[in-house]
Each structure stands twice: as structure tokens, then as C-alpha cells.
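Student: As given, the protein sequences belong to chains D and A, one line each in that order.
Quick note, the first sequence lines up with residues 560 to 705 if you use the numbering used here.
Quick note, the second sequence lines up with residues 560 to 705 if you use the numbering used here.
2 protein chains.
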Amino acid sequence: MIAPLDEDRQLAETANCLCFNSRRAARAITRAFDRELRRHGIRATQFTLLALLELKGDLSIGALAEYLAVERTTLTRNLAVAEEQELVRVRAGDDARERIVTITPKGRTTLRKAFPTWRKVQAALIEEMGSQAVESMRKVARAVPA
Amino acid sequence: MIAPLDEDRQLAETANCLCFNSRRAARAITRAFDRELRRHGIRATQFTLLALLELKGDLSIGALAEYLAVERTTLTRNLAVAEEQELVRVRAGDDARERIVTITPKGRTTLRKAFPTWRKVQAALIEEMGSQAVESMRKVARAVPA
DNA sequence: TCTAAATAGATGTATATACACGTATCCCAT
DNA sequence: ATGGGATACGTGTATATACATCTATTTAGA
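1. Going by Cα to Cα distance, which pick from Ala641(D), Arg650(D), Asn637(D), Arg697(D) is closest to glycine 666(D)?
2. Please report how far the alpha carbon of glycine 652(A) lies from the alpha carbon of glycine 616(A), in whole angstroms.
3. Comparing the C-beta of arginine 586(D) with each C-beta of chain A, is any distance below 8 Å?
4. Have a look at the DSSP bridge pairing and note the partners of arginine 602(A).
5. Could you compute how far the alpha carbon of threonine 573(A) sits from the alpha carbon of aspartate 565(A)?
6. Tell me the residue span of the alpha helix (DSSP H) that contains valine 693(A).
7. Would you tell me roughly how many angstroms separate the C-alpha atoms of alanine 624(A) and arginine 650(D), rounded to the nearest one?
8. Between the region 683-701 of chain D and chain A, which residues of the former have CB atoms less than 7 Å from a CB of the latter, in chain order?
9. For threonine 635(D), report the span of its alpha helix (DSSP H) as first-last.
10. At 7 Å on the CB atoms, spell out the chain A contacts of aspartate 567(D), in chain order.
11. For the putative contact between arginine 582(A) and isoleucine 620(A), defined by C-beta atoms under 8 Å, what is the C-beta separation to the nearest angstrom?
12. Under three-state DSSP, which class holds threonine 663(D)?
13. Note the first and the last residue of the continuous beta strand (DSSP E) segment covering arginine 650(D).
14. What are the uninterrupted segments assigned as alpha helix (DSSP H) that are 4 or more residues long and contained completely in the region 564-601 of chain D, given in chain order?
15. Starting from proline 664(A), find everything on chain D with Cβ-Cβ shorter than 8 Å and list it in chain order.
16. Go to alanine 628(A), then tell me how far its alpha helix (DSSP H) extends in each direction, as first and last residue.
17. What does glycine 647(A) touch in chain D if you count any residue whose Cβ is under 9 Å from its own?
18. What residues in the region 583-607 of chain D bring their beta carbon closer than 9 Å to a beta carbon of chain A?
19. Tell me arginine 658(A)'s beta-bridge partners as DSSP assigns them.
20. Are the beta-carbon atoms of alanine 673(A) and phenylalanine 606(A) separated by less than 8 Å?
21. Could you name the residues of the same chain whose beta carbon sits closer than 6 Å to that of phenylalanine 592(A), not counting the 5 residues immediately before and after it, in chain order?
22. Near threonine 633(A), what residues of its chain come up, given a Cβ to Cβ distance below 8 Å and the 5 sequence neighbours on each side ignored?
23. Run through chain A and tell me which residues come within less than 7 Å of leucine 577(D), C-beta to C-beta.
24. Assuming leucine 627(D) contacts isoleucine 662(D) under a Cβ cut-off of 8 Å, what Cβ separation, rounded to an integer in Å, is found between them?
25. Measuring only the C-alpha atoms, how far is valine 699(A) from alanine 655(D)?
26. If we define contact as Cβ-Cβ less than 8 Å, is asparagine 637(D) a contact residue for chain A?
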């Protein structure tokens with residue numbers, strides 16, 4: 560048995576890589592949600608967007624981006640898709656630099672219909688991953704840098 | 560004080576959404592790694608790819624996809640980028656249906672140079688998130704469905 | 001042996017993500 | 001009042017991701 564090279568021993572640390580592990584988890588979880596939400600014509604990211612708007616009310620793009628911890632420019636692209644599907648509407652704010660995002664009636668209906676599906680997938684994943692997983696995931700998400 | 564509508568109380572559960580929280584964490588963590596790895600001309604996903612190839616040796620696309628828990632078709636696109644940058648090479652296998660991915664000398668050099676940067680970012684994030692966060696993240700990633 | 005099912009990938013299409021940079025608007029200090 | 005910095009957002013470009021579907025090759029069964 561030949562001992563691994565020192566370099567390879569160090570490299571083995573990368574199995575704990577926060578980036579690899581967080582992305583891996585996000586991919587698998589997203590696939591699970593997208594697969595089921597598909598029947599409602601939306602993706603998990605759009606469900607998140609709609610739920611946030613319904614809970615928080617109208618928000619500027621910047622404020623929305625901060626809540627989601629997503630780059631503002633990313634949100635702009637995502638909103639264009641959601642707007643095309645008539646799930647949200649974007650209008651000018653009092654401050655002419657701002658643009659305000661509003662959930663549409665169609666967006667609200669879609670959200671209501673999709674909610675039981677979301678709940679089902681969430682419950683199935685908790686069943687599969689263990690109930691601590693949710694709290695772990697929440698802790699990690701909260702601990703993560705802005 | 561008006562009590563929230565029953566519907567809104569239910570909707571508030573979505574703050575615990577595994578998809579939202581996992582994606583949010585992955586975004587923030589990825590931004591942190593990408594920002595630093597940039598100087599080496601690679602992204603976090605490519606670092607992961609190179610480290611895995613260096614540790615496991617040559618792998619077929621399918622085997623690699625399984626390790627990474629990424630769709631095969633996604634990996635095909637990612638490999639095209641890495642191959643363009645001469646970080647990996649893809650060749651036919653004995654089974655003519657298979658294609659085998661190999662890390663190139665340039666890929667190996669890049670990996671070696673980027674490793675201290677990876678370590679630095681990983682350590683900084685652990686410092687910021689707390690050491691339990693890493694174990695939580697690992698548990699979540701392992702618990703996640705295939 | 002020959003063909004049908006299974007396997008391994010690639011491609012078309014669409015969304016998600018972020019950085020560098022550009023534009024419009026606001027606001028404050030002079 | 002005005003000019004310059006700060007703020008809010010969009011665009012160009014590139015990578016990451018996945019599903020549906022297609023092609024090529026292997027393999028198992030009649």
C-alpha cells in the first residue's frame with residue numbers, strides 16, 4: 560500500500576468544499592421542486608418570487624434582490640421571464656429611478672394552486688433528509704455572507 | 560391588530576423552503592469562491608471538476624456526472640468550456656459510446672495554484688458561518704436525493 | 001445471426017446566475 | 001441654481017443548469 564502523496568491528501572479536503580456541497584444540494588433540491596411545480600407552469604425560483612411578493616407586498620427591484628440574496632442584474636432577467644408569463648408586473652416608482660414589482664392576479668392564482676404541491680415536495684424532502692435538515696439548511700442560509 | 564389571513568399564515572411556511580434556502584446559500588457561497596478564484600482564471604465549478612479528476616483519475620462523463628450530482632447534459636456543456644480552456648481533455652473510451660475525461664497538465668497546474676485560494680475562502684467562510692455550518696452543509700448534501 | 005432494447009452522449013431550447021459597464025435620476029454642497 | 005457624487009437600474013457577455021429529444025453503440029434474446 561503506497562501512502563497518498565501529500566498533495567493528494569491536501570486535495571482530499573475539497574470533499575468538504577462549501578461551494579461544491581451547497582451547489583450539489585441546491586441542484587438536487589431544485590430538481591425535486593421543479594419536477595412537481597412544472598404542472599403549474601412555474602419553476603421553484605418563480606414560486607419563491609411569487610410567495611415573497613404575496614407576503615411582503617410590492618417591492619422595488621433592489622429590495623427584492625436583497626431579500627432573495629440574488630444579484631440585482633440576475634433579478635432583472637428573472638423578472639423579464641415572470642413578466643412575460645404575466646405572473647408579475649413591473650412599474651415605475653415615485654422615485655423615477657426605481658421600478659416596483661407587483662404580483663398579478665394570475666400570479667396570485669398560480670401561487671395558490673402551486674402551494675399544496677410545494678408543501679408536498681417540502682414534506683417529502685424532509686422525510687427523505689431528516690427533519691434536522693431543514694433547520695440545518697436554514698441556519699446555513701442565514702449564516703452565509705450577504 | 561388584525562390577525563393574518565389563514566392563507567398568509569400558511570404561506571409564511573415558505574420561509575423554510577429547502578429550495579429557496581439551499582439556492583440562496585449556494586449563490587452566496589459561490590460568489591465568495593468565484594471572486595477569489597477569478598485570478599486563476601477559473602470558477603468554483605471548474606475547481607471542483609479539476610479536484611475531482613485529480614483525485615479520482617480519468618472518468619467517463621456519466622461517472623463524473625454521478626459524482627457531481629449534475630445532469631449529464633449539464634456536464635457536457637461545462638466540459639466544453641473547460642476543454643476550450645485546455646483544463647481537461649475528452650477522448651473516446653474502449654466502449655465507443657463512452658467519452659473519457661482527463662485533466663490536462665495545464666489543468667493540474669491551475670489546480671495546484673488555485674488550491675491555496677480555495678483553502679483561504681473555505682476558511683474565511685467557516686470563520687464567518689461557524690464550524691458547525693460546514694458539517695451541516697455536508698450532512699444536507701449527503702442526505703439530498705440522487 | 002440479427003434485431004430490439006438498453007446504454008452513453010450530444011443537441012435544441014429555456015431559465016438562472018453574475019460581473020463589467022453604461023444610463024438615468026436624485027440629492028447635497030457650494 | 002448647479003455640478004458632481006451617489007443611487008437604481010439595464011445591457012453585453014459568459015457560464016451553469018435541466019428537460020425533451022435525437023444519434024450512435026452495445027448487448028441480450030429469439
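Even glycine gets a Cβ: it sits at the ideal position worked out from N, Cα and C.
Tutor: The relevant details are as follows:
1. Reading the first sequence from its first residue, position 107 is the one you call residue 666(D). It is Ala641(D).
2. Here residue 652(A) refers to the residue found at position 93 when the second sequence is read from its first residue. Here residue 616(A) refers to the residue found at position 57 when the second sequence is read from its first residue. Each residue's alpha carbon lies about 14 Å from the other.
3. Counted from its first residue, the first sequence places residue 586(D) at position 27. Chain A, which has a Cβ nearer than 8 Å to the Cβ of arginine 586(D), makes this yes.
4. Sequence index remark: in the second sequence, residue 602(A) carries index 43 (1-based). DSSP lists no partner for arginine 602(A).
5. The residue labelled residue 573(A) in the question sits at position 14 within the second sequence. The residue labelled residue 565(A) in the question sits at position 6 within the second sequence. Going from the Cα of threonine 573(A) to the Cα of aspartate 565(A) covers about 14 Å.
6. Counting from 1 along the second sequence, the entry for residue 693(A) is found at position 134. From DSSP, the alpha helix (DSSP H) with valine 693(A) extends over 690-702.
7. Mapped onto the second sequence, residue 624(A) falls at position 65. Mapped onto the first sequence, residue 650(D) falls at position 91. Looking at the two C-alpha atoms, the distance is approximately 42 Å.
8. Leu684, Glu687, Met688, Gly689, Ala692, Val693, Ser695, Met696, Arg697, Lys698, Val699, Ala700
9. By one-based count along the first sequence, residue 635(D) stands at place 76. Segment 631-643, the alpha helix (DSSP H) holding threonine 635(D).
10. Residue mapping note: residue 567(D) aligns to position 8 of the first sequence, counting from 1. Simply Leu614.
11. In the second sequence, residue 582(A) corresponds to position 23, counting from 1. In the second sequence, residue 620(A) corresponds to position 61, counting from 1. Wrong, their Cβ atoms sit about 25 Å apart, outside the cutoff.
12. The count along the first sequence starts at 1 and reaches residue 663(D) at position 104. Threonine 663(D) falls in the coil class under three-state DSSP.
13. Along the first sequence, read from residue 1 onward, the residue named residue 650(D) stands at position 91. Looking at the DSSP string, the run of the beta strand (DSSP E) that includes arginine 650(D) is 647-651.
14. 565-570, 577-596
15. Against the second sequence, residue 664(A) aligns to sequence position 105. Near proline 664(A) there are no residues of chain D at all, since even the closest Cβ is about 15 Å away, more than 8 Å.
16. As a first step, residue 628(A) must be located in the second sequence, where it is residue number 69. It is not in any alpha helix (DSSP H) - alanine 628(A) carries neither H nor E in the DSSP assignment.
17. As a working note, residue 647(A) is residue 88 in the second sequence. Contrary to the premise, residue 647(A) reads as valine rather than glycine in this sequence. Correct list: empty, because the minimum Cβ distance to chain D is about 16 Å.
18. Arg583, Ala584, Ala585, Arg586, Ala587, Ile588, Thr589, Arg590, Ala591, Phe592, Asp593, Ala603, Thr604, Phe606, Thr607
19. Numbered from its first residue, the second sequence carries residue 658(A) at position 99. Arginine 658(A) is bridged to Ala651(A).
20. Position 114 of the second sequence holds residue 673(A). Position 47 of the second sequence holds residue 606(A). Contact: yes.
21. By one-based count along the second sequence, residue 592(A) stands at place 33. Once the five neighbours on either side are set aside, the close Cβ partners of phenylalanine 592(A) are Ala603, Val680.
22. For this step, residue 633(A) is matched to residue 74 along the second sequence. Same-chain partners within the cutoff: Ala624.
23. As a first step, residue 577(D) must be located in the first sequence, where it is residue number 18. The contacting residues are Ile588, Gln681, Leu684, Val693, Met696.
24. Counted from its first residue, the first sequence places residue 627(D) at position 68. Counted from its first residue, the first sequence places residue 662(D) at position 103. That pair is no contact at about 14 Å.
25. Translated into positions along the second sequence, residue 699(A) becomes position 140. Translated into positions along the first sequence, residue 655(D) becomes position 96. So the alpha carbons of these two residues sit roughly 44 Å apart.
26. One-based indexing of the first sequence puts residue 637(D) at position 78. Judged by the 8 Å Cβ criterion, asparagine 637(D) is not in contact with chain A.
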